[in-house]
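Working notes for the structure below.
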Amino acid sequence: MRSVGPYRCTEALGACLVGSAWWALDRQDRLVTLALLEGAAAQDHRWRTAFRDAAEALARASGGNRYVAADFAAAQPWAAYPSEEGMGAQRLFQTLGMDLGPAPEEPAVAASGPHPTATPTPVDPEPAAPAQPVSGQPVSGQPVSGQPVSGQPVSAYPVSGQPVSAQPVSGNPVSAQPVSGQPVPGHPVSGGPPGWAAQPAAQPAVGSATPPGDPAGADPLGPNARRIQPSAPARRPLGRWVGVAVTVLLLVAVGGGLVVVWGDEATGPPGAGRDTFAAPATGAEGPVAGLRPWTQVTPLSVEEQALAVAGPSLVFIEVTFTGYVRNRDTGALVHTGAVSFVRRCSGFVVNPDGHVLTSSSCVRPADDAARQVALDVVARRLVREEKLTDGQVAGWIGRTLPTTGFTGAEPAAPPTSELYAQLHDARGGVTDEQAVPGVVVEALPTDGGDVALVKLARENLPAVELNTAAEYASGATLLVVGYDTGDTDFRAALHTPRGKLVTVTDVARLGQTSVYRTNGDVGRTSHGGYALDPQGRVVGLLNRDRARPDEANRVVVPAGAATDLLSRAGVSPRLGAADQRYRAGLDAYFAGRYDTAVTELGAAADESPTNLLAAAYRDSAVEGQRAVGTVTSRSPWPVALLAGAAGALLVALVVLLVPAVRRPR
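Read in order, the letters of the sequence shown are residues 1 to 665 in full-length UniProt numbering.
Structure below.
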């Protein structure tokens, strides 16, 4: 019975390319499901990290599965889940992008254990009926005929695809007496159902005193006895065949070493090579807050790399508008004192000079929208002054809106605005050195695309690439990213970047612009954020769905809507040298080439200090180097030495085989 940590595995749930899931019991015989990372994946730093992060993400998610015990530092990392919470082990592998299949059969006799005795055991002359298959569960530990064979059971169905002779491992039976019936092989039957094991009656041992056909105990000097006894059959050159077998095994081992040394990247990260996103899981929980791509999507997936590529360019924008509410005809103030209100949204850098694309409705709202917000501020003041009741606010705004305007200190002047942007985690109301001031350069109206261009007063910022040619239909999957907050205190709320996979539900119109509606969003301040393709390029800007009662940010305006805006402003979207190095480093990291990743990501972090993800992935690549024990590029010597050894063994095999083939029978 297999043991993993404090658990005894009782039955296999299933297996996948990187591990297996089991039913297991703890020391108090409490039932759990256990996920076990195995094989090459257990030796791969990326898979070990992904396994740990996936288990932690499941534990933190609302309604997720929490493990009761785990050892992520073990040679084969594992996590155990209480059975009453469902198939936690299966869900852990699904989080890694791996679906469990049927568990592989385990041979009844351990490969490393001693062979059973070579003496055949008499069995019933009638052949045993073929064993019936059992729904994917291995039936080990039961002998075919119901009789023990030297203490070792016989597998109930084939273990490998090649039939094996019923002769014992040593090549000849050593029984001193002929055996009636059918012999049972002394090792697990291979190649077919148990009925295939039936072979001709066992032959006597080499050198037996009783030749074939002579009854045991007959008088050798009797009248019917043979006077000249036939010679015993010549002993086959067993040593030569042992040498051949050893040489073949060495060739297989060396060939396997060549495969491992030459292609040790065969087990890549989940999703490697995909050019589309995986469909979002049904009922998936919301992403974990913070700009940590490996916790927001499946670790080491296409989605993580796309989010890592674009993530550093995301910015949080806060604009404060200040003005006066006046009567349009007379210019008289509706209420004394200036009126201020705040808009918050997301945006993203499109070139290292500090140019940012965002939502026009956030940084330059339409006149009627600004007037309505300003009147709402005035109405709340009137409530505090007991000149209005809460129930009268909506009616008062509706009556006053058509006759008022929102202006600057002078009736003809526009209201003023102050715009600040923050990278990474952002907090409302910040205007110190953490915040970068900016100005609006150009803006499209709401029905013309609702896209604005902002210039920040800082350069050498990480940028993102635009994909203006992308087109999508219903059912397509996009990765949407923007800011959101869970704080209830609006003034100093903490806003963090979030990413989420969503599905396009239909194609609609926003004025003259075609837009995509989706089935999800990442928060109230995500408008102005972006939707990504699998290469981490922006294919659209997030916007409010004004057809919904809650106006959730579930509309994606194609990135092509910003082309004319950028052209009019004379701005070219482009990546900087540090951005290029950062992407080269990420490509190396996700391919497992940690030495290159450390070099490129380290250079990107030095050249672009605001790109915190460059430093984070560099540090992870350093850990990967330590885990695999390689700090420099792979040396060609192991391949050359193994190839030479394989050639020498092949020559030895030929030398051993040729004389054996030519030997007369």
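C-beta atoms are modelled at their ideal positions from N, C-alpha and C, and glycine is treated no differently.
{"Query": "Neighbourhood of VAL631 by C-beta distance below 8 Å, restricted to the same chain and skipping five residues each side", "Result": "Caution applies to VAL631, whose pLDDT of 43 falls short of 50 and renders its modelled position unreliable; the model cannot decide the point."}
{"Query": "CB contact below 9 Å: ALA421 versus chain B", "Result": "Absent from the structure is chain B; it holds one protein chain and no more."}
{"Query": "Where ALA591 falls: helix, strand or coil (DSSP)", "Result": "coil"}
{"Query": "Alpha-carbon to alpha-carbon, GLU607 and ARG343", "Result": "32 Å"}
{"Query": "Proximity winner among GLU551, ALA597, LEU444 and ALA338, relative to THR407 (alpha-carbon distances)", "Result": "ALA338"}
{"Query": "Backbone CA spacing between GLU303 and ARG498 [nearest angstrom]", "Result": "13 Å"}
{"Query": "From THR513, PRO312 and VAL556, residue whose alpha carbon lies closest to that of THR503", "Result": "VAL556"}
{"Query": "First and last residue of the uninterrupted alpha helix (DSSP H) at SER620", "Result": "612-628"}
{"Query": "Beta strand (DSSP E) runs contained entirely in the region 422-468, provided each spans 3 or more residues", "Result": "436-443 and 451-456"}
{"Query": "Cα-Cα separation between VAL4 and ILE317, rounded to whole angstroms", "Result": "51 Å"}
{"Query": "Counterpart residues of THR358 in DSSP-defined beta bridges", "Result": "GLY347 and ALA452"}
{"Query": "Whole-angstrom distance between LEU501 and ARG91, CA atom to CA atom", "Result": "18 Å"}
{"Query": "Assigned exposure category for ASP545 - 16 Cβ within 10 Å defines buried", "Result": "buried"}
{"Query": "Contact check, ARG491 vs ASP506, beta carbons under 9 Å", "Result": "no"}
{"Query": "Bounding residues of the beta strand (DSSP E) (the contiguous stretch that carries PHE51)", "Result": "Run containing PHE51: none in the beta strand (DSSP E); it sits in the alpha helix (DSSP H), 45-60."}
{"Query": "Supposed contact pair CYS362 and VAL319 - C-beta distance, whole angstroms, cut 8 Å", "Result": "7 Å"}
{"Query": "Reference ARG27, options ALA577, CYS345, THR10 and LEU382, closest by Cα", "Result": "THR10"}
{"Query": "Contact the region 373-384 vs the region 479-493: 3+ CB pairs below 8 Å", "Result": "no"}
{"Query": "Environment of ALA41 [buried if 16+ CB atoms lie within 10 Å]", "Result": "buried"}
{"Query": "Helix, strand or coil at ARG381 [DSSP, three-state]", "Result": "helix"}
{"Query": "Between the CA atoms of ASN351 and ALA457 - distance to the nearest angstrom", "Result": "13 Å"}
{"Query": "Nearest candidate by alpha-carbon position, reference ALA379, set ALA413, ALA369, SER360 and THR400", "Result": "THR400"}
{"Query": "Beta-carbon proximity of VAL60 to GLU85, cut-off 9 Å", "Result": "It is worth fixing the name first, because residue 60 is Arg in this sequence and not Val. Not closer than 9 Å, so no."}
{"Query": "Coarse secondary structure for LEU96, derived from DSSP in three states", "Result": "coil"}
{"Query": "Beta-carbon gap between ALA79 and ALA69 smaller than 9 Å", "Result": "yes"}
{"Query": "Opening and closing residue of the beta strand (DSSP E) in which ASP71 lies", "Result": "69-71"}
{"Query": "Through-space distance from LEU542 to ARG548, alpha-carbon basis", "Result": "15 Å"}
{"Query": "Supposed contact pair ALA21 and ALA35 - C-beta distance, whole angstroms, cut 8 Å", "Result": "5 Å"}
{"Query": "DSSP-derived helix/strand/coil call for GLY14", "Result": "strand"}
{"Query": "Element boundaries [beta strand (DSSP E), containing PRO82]", "Result": "78-82"}
{"Query": "N- and C-terminal bounds of the beta strand (DSSP E) containing GLU318", "Result": "314-327"}
{"Query": "Straight-line gap, THR610 to GLY570 (C-alpha atoms, nearest Å)", "Result": "25 Å"}
{"Query": "Given GLU459 as reference, the closest of GLY354, LEU566 and GLU433 once Cα atoms are compared", "Result": "GLY354"}
{"Query": "Beta-carbon proximity list for GLY405, same chain, < 6 Å, skipping 5 on both sides", "Result": "ARG326 and ARG328"}
{"Query": "Nearest neighbour of ALA616, chosen from GLY629, TYR589 and VAL628 [CA to CA]", "Result": "TYR589"}
{"Query": "Local Cβ density within 10 Å of ASN519, reported as buried at 16 or more and exposed below that", "Result": "exposed"}
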